[in-house]
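**Q**
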Amino acid sequence: MTRVFNFSPGPATLPEPVLRQAAEEMLDWHGSGMSVMEMSHRGKEFISIYDEAQALLRELLGIPDNYKVLFMQGGAIGENAIVPMNLIARTGKADYALTGDWSKKSAKEAANFGTVNVAVSADASRFTAIPKQAAWKLDPGAAYVHICSNETIGGVQFHWTPDTGPVPLVADMSSDILSRPIDVSQYGLIYAGAQKNMGPSGLTVVIVREDLLGHALPVTPSAFNYKIQGENDSMYNTPPTYAIYIAGLVLKYFKSLGGMKAIEERNRAKARVLYEFLDSSSFYRNPIAREDRSLMNVPFWLKDDKLDAAFLKGAQSRGMIQLKGHRSVGGMRASIYNAMPIEGVQQLVKYMKEFEAENG
Ligand SMILES: *Cc1c(COP(=O)(O)O)cnc(C)c1O
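Numbering (the numbering used here), first residue to last: 1 to 360.
(1) With distances taken from CA atoms, which of Asp176, Gly188, Ser281, Arg209 is nearest Ala194?
(2) Ordered along the chain, which non-local residues of its own chain (more than five positions away) have a Cβ less than 6 Å from that of Gly344?
(3) Between which residues of its own chain and Val167 is the CB-CB distance below 6 Å, once the five residues before and five after are set aside?
(4) Measuring alpha carbon to alpha carbon, tell me which of Lys270, Ser121, Ala110, Gly188 ends up nearest Glu79.
(5) Compare the beta carbon distance of Asn86 and Asn225 with 8 Å and say whether it is the shorter of the two.
(6) Anyone know if the C-beta pair for Val219 and Leu70 falls short of 8 Å?
(7) Taking 8 Å as the cut-off, decide whether the C-beta atoms of Ala119 and Lys137 are in contact.
(8) Just checking Gly75 against ligand 1 - is the residue's beta carbon closer than 7 Å to any of the ligand's heavy atoms?
(9) Can the beta-carbon of Ile153 be found less than 8 Å from the beta-carbon of Trp102?
(10) If you count every other CB in all the chains shown that lies within 10 Å of the CB of Gln322, and 16 or more means buried, which is it?
(11) Cα-Cα, which of Gly202, Glu276, Glu291 is closest to Tyr284?
(12) On the three-pair Cβ rule with 8 Å, is the stretch 311 to 326 touching the stretch 232 to 250?
(13) Please look up how many angstroms separate the CB atoms of Leu302 and Ala271, rounded, as I've assumed it's under 8 Å.
(14) Applying the 10 Å Cβ sphere with the 16-neighbour rule, what's the burial state of Arg3?
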């Protein structure tokens, strides 16, 4: 068996010990005689898996008791609608910070459900920097302020938390949740698709402050109503059971690494290897403002895009895959989530140096 270094932006690489354990438990989970996939979501076996995953997430992120943790379906793109359906009706309007493709998409979808104000846009820098707080025009009457904490395509990441006063801050953390410690109490709501840094696709995590519930628009489907899901422990409909189980194993693995601080250190060390090399090279280029660079998704461009195909082919033959940049921006992108070992980044940099020496 050979495993590649998979730099995919998502669904993304998972920790190998997790995959091994899942394989071992596939046919018979803990003497139950069943695969987790075959279990009733209301049976005691699955309830124990669910409770453990929920407890681990609460512990790792330090989620306060006045927040509900919901395990839903629909992905972050689904949440682009589900968030306003549940939250916007309190005042009918919301502020959106536009820092890249994902937050732009969120704002566009929200406009179906209320008035969207663009609090700030990074268009002047062509989305290569996060505008400083002083440039934001926040509406005190907004029902919430929405940000994307890490723009998976553009490669910018918030390394500070916007001050929105009493207006709840809502964050799409799909591509950087669990990559570093966060203070959940600074947010009204956090959502994330699992398939970047937490598990397989199909699971969407929503962490929501309880006092924000109860304002859903009447059109909100019950399965996407946070209040109803919260009252039913995410089991108003069948939750994505197998994805929750794998996420639970991933969370246990993250805990074994020492929790969020230790994981952030590892992620910083990995990103440093790549950014330091990019900055030292005149063959490769990363245009993102240094203080806003993502620790998770590192886009870079070769000096001549005619070399892109050869670069990707050489990477593939060395066991490094999914380095092609998003079709909307071109170039390359290395996604280096928690489960990417530093050896993968080191091997990538070694190859980039060789490629530069041959083609530079
Ligand atoms: C991947 C991603 C999404 C889209 O997630 P889906 O699971 O396809 O709905 C949204 N926002 C961010 C920041 C992402 O990285």
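By construction, the Cβ of each residue, glycine as well, lies at the ideal position given by its N, Cα and C atoms. Bear in mind that the values here come from a model prediction, so they are computed numbers and not experimental data.
**A** Walking through what the data contain:
(1) Considering only alpha carbons, the answer is Asp176.
(2) Around Gly344: Phe5.
(3) Ala142, Val145
(4) Ala110
(5) yes
(6) In this structure, the beta-carbon distance from Val219 to Leu70 does not fall below 8 Å.
(7) yes
(8) Result yes, Cβ under 7 Å from ligand 1.
(9) yes
(10) buried
(11) In terms of Cα proximity to Tyr284, the closest of Gly202, Glu276, Glu291 is Glu276.
(12) no
(13) Not a contact, Cβ separation roughly 20 Å.
(14) So Arg3 ends up on the exposed side.
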